[in-house]
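Everything on this sheet refers to the single structure shown next.
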Amino acid sequence: MSEPPVDGRAGRAREPADVLIVGAGAAGAVLAKELAEAGLTVVVLEAGPHWVPERDFASDEKYASQLYWTDPRVTGGADPIELGANVTGRGVGGSTVHFSMVALRMWESDFRVHSTDGIADDWPISYADLEPFYDGVERELGISGPMRWPWGPRRGPHPYREHPLNSVAQLFARGCDALGIGWAPAPLATISAPKDDRPPCVYRGFCVYGCSTNAKSSTLVTYIPKAVRAGAEIRAGCMATRVNLGPDGMARSVTYRRTLADGTRVDEEQAAGLVILSCYSIETPRLLFNSAGTGSPDGLLNSSGLVGRGLMVHPSAAVFGRFPELVYQYKAPPTLALTQDFYETDLSRGYARGFTIEPIGPLPIAFARAAQAGLGLWGSELREFMLDYDHYAGWGIVGECLPSDANTVTLDPDERDADDLPVAHVTFAWGENDRALQAAGVARCREIADAAGAEVTWMADDTAHLMGACRMGSDPTTSVVDRWCRSWDVPNLFVCDGSVFVTSGGVNPSLTIQAIAARTAHYIVAKAGNGSPRDWSRDGTGGPR
Amino acid sequence: MSRPSAERLRIPKGGGTPATPYPDFDVAAPDKWALDWDEKTRRVVRQRVEEVPRYRFFSIDEARTMEAICARILPQDDRPPAERVPLAPWIDERLYDGAGDGYRYEDMPGDREAYRLALRGCDESASQLHGQAFAVLGPASQDEVLGRVAVGEAPGDAWAHLPAIRFFKELVGEIVATYYAHPTAWAEIGFSGPASPRGHIRLDLDRHDPWEATERRPHSSVDIVRRALERKHQDDDGAHASGGPTR
């Protein structure tokens, strides 16, 4: 632990960075850009590759598996979560490279569900705390959406004009109109007009398999290039394996395994004044557990015992309808309209909180698997069914999942990865509210499909997005990080990603993850002064909180 | 080295199946090839079509059983053998490479062991039900065995070590993902396939770009779906214990 940090390629000592960020996804990229532009020296470790879209992304559903975290993990509990494609990303840009781009804010009530609904816990921050950062991230990404937004907190127009509705969204709108349900064009992180050096969306429909035209506002083509221009170093192919503390209990460095050009893997170490973990709800807890030491036998930052607890996933069951018209559901971004008419608690419904309903446009493999899951089809029936692919349209919910400390990320006692590190073990079960909410959401989806003129409908279960497992709070005994994402246990170690969520909300989480990251960056810059490295110890000027 | 990517892929129009609603659709027609298939996509899909891997993981007997299973999960009797989309070799390659999809269920062994057990299980079930190995049974008997695996009622010692219902879902999922990754399957179902850099212009309901598939022989899945829902409804009665929130 006492050797100087070493560059694996050259064997030279590396300068300690002001800030070391682990993970170049939704949060890490925002942090890197904001902190580097403020004059701090920033190094980002990313386990996966640094993608070049036109070189690396094909118009192909199967090939996209390279974008997912496919290292081994174990999933279990009463309702095991499907990991892999739906909920993970690997490589610079993280899951923003393959997310569905829906850019919704959480609502005021999302941050105080304990106060308003008597469930779960309030967040230590409010919507008002995040609002300026939502604004900033939306501008940076060029979110394309309506001038006026009919739901949630009052807000100004989206920075870019909305996209046209595709056929699936037109059917969705037709169904909503027939039922008197409000709908709006979806705000999306893909541009509808040129921005910087990026051209607008051409509606090719492969958005969730990597955008090869750069219209999609992943952090790979937005925040990361700006971070690099401001001097941040993105070190790809580097898998963090341990956070090292110094004798003073402060984070000193991160040990990581770098994959060299010839495929061999070497251990290296990078020192920094401040370390931020942005590895998302599974790898952040896993790294903390794998960093256990003498002062922290149950894992770093785990004095509350809450590291890895409170994992949430959005129930996202979908309903598909067969329509007489030709739909060609594969064209354009999958979600071009949505409704939030069922978002907040309505006690007459018999469950707390609610959901957003969003059209989807699965490509053939995803659609065939939905039919397999939803209808149990295989054999000649499945193949014959698939001949009708162009006549289907579907929409699904993004439903709130209430947090439970019994839903966890732990280290698997037996299984290890290729580097001999224990893999993550995920345990999950739905609660009663989750089930009631999803049943209601599916019923609404079905009504909309029927009203739109579907000849027959069917439902396929699904889940999407991870949240929680290192929650933020205002009490060190009931949370892992404070309202700025700074850990309670190690003053210069932050956790900043979707794992700090206290509750899940009923919206796609990326925009909120990015707003939280921008807010954390703002705090760090304010505390760091004029770009100079500083003392982050608790009794130094890093406090008060 | 594979051929230069400028040379078009030769794929049967309409996927080469008599039942397709899109008999004249060519997913790699000259204008599409020029405007929708970027260089990277050409390389990726050409390799999939032209460089089918040889067996390295399965034994000869296992490969034969795997091929027989694939032929029932995704039947292609309507095509001459040489025009069928290869399925089992890709499963073999994934298992040989040790590649996964990022997770393993806690009640399942790793993929390699699971597949070996399942292949043995299919033979055990076939032998107990029909007195023969799975690969030599007729299609109806093979479907019976697979149908029993699907609902967790297949006889045989191997199934005591492998949750059959869960494995069957994974198996069908992998075969389906392999089949619908092939341009022959895209053409058959009227999926326009690669679309970069041109993209799509006509997004409205009932409209399509001239280079997309035109429906010539209307086909409806409504009856198949109604039958499947009826079966599922029967299965669901008394089987509420597991599964997602709404099952």
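Going line by line, the protein sequences match chains C and B.
Per this note's numbering, residue 12 is the first one in the first sequence, and the count goes up by one each step.
Per this note's numbering, residue 32 is the first one in the second sequence, and the count goes up by one each step.
Glycine included, C-beta positions come from ideal geometry on N, C-alpha and C.
- The contact set of Gln383(C) on chain B, defined by CB atoms closer than 8 Å, consists of Lys200, Val203, Gly204 and Val207 in chain order.
- Setting aside the 5 residues that flank it on each side, Leu448(C) is surrounded in the same chain by Tyr362 and Gly410, each with a C-beta closer than 6 Å to its C-beta; the list follows chain order.
- Residues Val420 and Ala435 of the same chain have their beta carbon placed closer than 6 Å to that of Ile293(C), with the five preceding and five following residues left out of the count.
- Here DSSP, grouped into helix, strand and coil, assigns Val41(C) to helix.
- In the three-state DSSP reduction, Ile32(C) falls in the strand class (E or B).
- With three or more CB-CB distances shorter than 8 Å, the segment 178-191 of chain C counts as touching the segment 452-468 of chain C.
- Remark: fewer than three beta-carbon pairs, one from each stretch, lie closer than 8 Å, so the segment 489-501 of chain C and the segment 101-119 of chain C are not flagged as touching.
- For the segment 75-143 of chain C, the full-length beta strand (DSSP E) segments reaching 3 residues or more read 85-87 along the chain.
- Relative to the Cα of Asp430(C), the nearest Cα in the group Ser76(C), Val54(C) and Ala58(C) belongs to Ala58(C).
- In the DSSP annotation of this structure, Trp547(C) is not part of any alpha helix (DSSP H), being labelled neither H nor E.
- Scanning chain B for C-beta atoms nearer than 8 Å to the C-beta of Phe68(C) yields Lys71, reported in chain order.
- As a beta-bridge residue in DSSP terms, Trp406(C) pairs with Val330(C) and Pro370(C).
- At a cut-off of 8 Å between beta-carbon atoms, Arg394(C) makes contact with chain B.
- Taking 8 Å as the CB threshold, Met478(C) stays off the interface with chain B.
- Residue-level contact check: Asp71(C) touches chain B, since one or more beta carbons of chain B fall below 8 Å from its beta carbon.
- Neighbours of His250(B) in chain C, taken as residues whose beta carbon is under 7 Å from its own, are Leu398 and Asp399 in chain order.
- In this chain, the alpha helix (DSSP H) harbouring Val180(B) covers Pro170 to Ala181.
- Residue-level contact check: Pro91(C) touches chain B, since one or more beta carbons of chain B fall below 8 Å from its beta carbon.
- A residue is called buried once 16 or more other Cβ atoms fall within 10 Å of its Cβ, and Ala89(C), having fewer, is exposed.
- Remark: three or more beta-carbon pairs, one from each stretch, lie closer than 8 Å, so the segment 148-157 of chain C and the segment 220-235 of chain C are flagged as touching.
- From the beta-carbon of Pro83(C), the residues of chain B found nearer than 9 Å are Gly131, Gly133, Tyr134, Arg135 and Gly141.
- In chain order, Leu234, Asp235, Leu236, Asp237 and Arg238 make up the part of chain B whose C-beta sits under 8 Å from the C-beta of Ser178(C).
- Between the segment 23-37 of chain C and the segment 193-211 of chain C there are fewer than three C-beta pairs closer than 8 Å, too few to call the two in contact.
- According to the DSSP secondary-structure assignment, Arg135(B) is paired through a beta bridge with Val85(C).
- Annotation for Glu93(B): Leu150 place their beta carbon closer than 6 Å to its own, counting only its chain and skipping 5 residues before and after.
- In the DSSP assignment, Met397(C) falls outside any beta strand (DSSP E) and lies within the alpha helix (DSSP H) extending over Ser391 to Met397.
- DSSP, reduced to helix, strand and coil, places Ile287(C) within a strand of the structure shown.
- Looking at Ile100(B), Trp121(B) and Ala65(B), the one whose alpha-carbon comes closest to that of Phe88(B) is Trp121(B).
- In the assembly as shown, Val491(C) is a buried residue. Its beta-carbon has 16 or more other beta-carbons within 10 Å.
- Taking a Cβ-Cβ threshold of 7 Å, the residues of chain B close to Val467(C) are Val253, Val256 and Arg257, in chain order.
- Within the segment 195-247 of chain C, the complete alpha helix (DSSP H) segments at least 4 residues long are 234-240, listed from N- to C-terminus.
- At a C-beta separation below 8 Å, Val83(B) has no neighbours in chain C, since its nearest C-beta there lies roughly 14 Å away.
- In this structure, the straight-line span from the alpha carbon of Gly46(B) to that of Pro91(C) is close to 37 Å.
- By the 16-neighbour rule on beta-carbons within 10 angstroms, Ser510(C) is buried.
- In this structure, the alpha-carbon of Trp160(C) lies about 16 Å from that of Pro175(C).
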